[in-house]
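Using my numbering, you'd call the opening residue of the sequence shown number 1 and step up by one each time.
Virtual Cβ for every residue (Gly too), placed ideally from N, Cα, C.
None of the values given here were measured: they were computed from a predicted structure.
Single-structure report; data block below.
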Amino acid sequence: MAEFVKDVMTPGVVAVRPDASLVEAAQLMRSQNIGDVVVADGQEIVGVLTDRDIAVRAVAEGLDPLTVGAGSVCTPDPLVVAPHDPVSAAEALMREQAVRRLPVVENGLPVGMVSLGDLAEAEDPASPLADISRAAPDTRDARGVPPPPPV
Numbered sequence: 001m002a003e004f005v006k007d008v009m010t011p012g013v014v015a016v017r018p019d020a021s022l023v024e025a026a027q028l029m030r031s032q033n034i035g036d037v038v039v040a041d042g043q044e045i046v047g048v049l050t051d052r053d054i055a056v057r058a059v060a061e062g063l064d065p066l067t068v069g070a071g072s073v074c075t076p077d078p079l080v081v082a083p084h085d086p087v088s089a090a091e092a093l094m095r096e097q098a099v100r101r102l103p104v105v106e107n108g109l110p111v112g113m114v115s116l117g118d119l120a121e122a123e124d125p126a127s128p129l130a131d132i133s134r135a136a137p138d139t140r141d142a143r144g145v146p147p148p149p150p151v
């Protein structure tokens, strides 16, 4: 098994400003095939916004995703880990705090994300969660129509 967070994390961070609309954040998640973005004010992480946050904290409440900012519905002040933290520490933090994703921060700057899927894939690549984490995204549109084949 991997020893450090840097060995299992997904490098790079996709971020939005706190005032970015939820539509903008969701479109970014779709284009990057990710389920979360970091909400950053300059270089400071102020929150993590997940696809579930958009659905449960905004859409289900009847809020307008075109006008509501990411900072309004994100999880503020997220827990973070460092690249050289032991994987076991990230696992324990996720378990204790019931979170599925942690930003990875080095010298105050986000450098990646570590998710339950990342940990599952590193620990047991044949596990169902690892399989699901590797699965290709469903690219059908809202009507269930697949995209046209590449030209």
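Practice task
In the DSSP assignment, find the beta strand (DSSP E) that holds Arg101 and state where it starts and stops.
Solution key: 101-106
Problem - Residue range of the unbroken alpha helix (DSSP H) whose run includes Met94 - result: 87-97
Handout entry: Distance cut-off 7 Å: Gly69 Cβ against heavy atoms of the ligand FMN
Key = By its list of ligands, the structure shown contains no ligand whatsoever, and the ligand FMN lies outside what it can speak to.
Exercise for the section: Taking the CB atoms as reference points, tell me whether Val8 and Asp118 lie closer together than 8 Å. Expected result: yes
Problem - Under 8 Å between C-beta atoms of Val81 and Val114 - result: yes
Handout entry: Buried versus exposed call for Gly95 [16 or more other C-beta atoms within 10 Å across all chains shown]
Key = The identity of residue 95 in the sequence shown is Arg, whereas the question assumes Gly. Classification of Arg95: exposed, given that the 10 Å Cβ count is below 16.
Practice task
Say whether the region 27-35 touches the region 71-81, bearing in mind that this needs 3 or more beta-carbon pairs closer than 8 Å, one atom from each stretch.
Solution key: no
Exercise for the section: For the alpha helix (DSSP H) containing Met29, list its first residue and its last residue. Expected result: 22-32
Practice task
Would you list the one or two residues that DSSP bridges to Gly35?
Solution key: The partner list for Gly35 (beta bridge, DSSP) is empty, contrary to what the question assumes.
Handout entry: Of the residues Pro110, Arg101, Ala60, the one placed nearest Gly12, counting alpha carbons only
Key = Pro110
Problem - CA-to-CA distance, Thr67 to Ala2, given in whole angstroms - result: 42 Å
Handout entry: Whole-angstrom distance between Glu123 and Thr10, CA atom to CA atom
Key = 15 Å
Problem - Terminal residues of the beta strand (DSSP E) in which Leu49 lies - result: 44-50
Exercise for the section: Identify whether Ala130 lies in helix, strand or coil by the three-state DSSP scheme. Expected result: Caution is warranted here: a pLDDT of 48 is assigned to Ala130, below 50, making its placement in the model unreliable, and the coordinate value is therefore given only provisionally. DSSP places Ala130 in helix when its eight states are reduced to three.
Practice task
Check whether the Cβ atoms of Val14 and Val38 sit closer than 8 Å, and answer yes or no.
Solution key: yes
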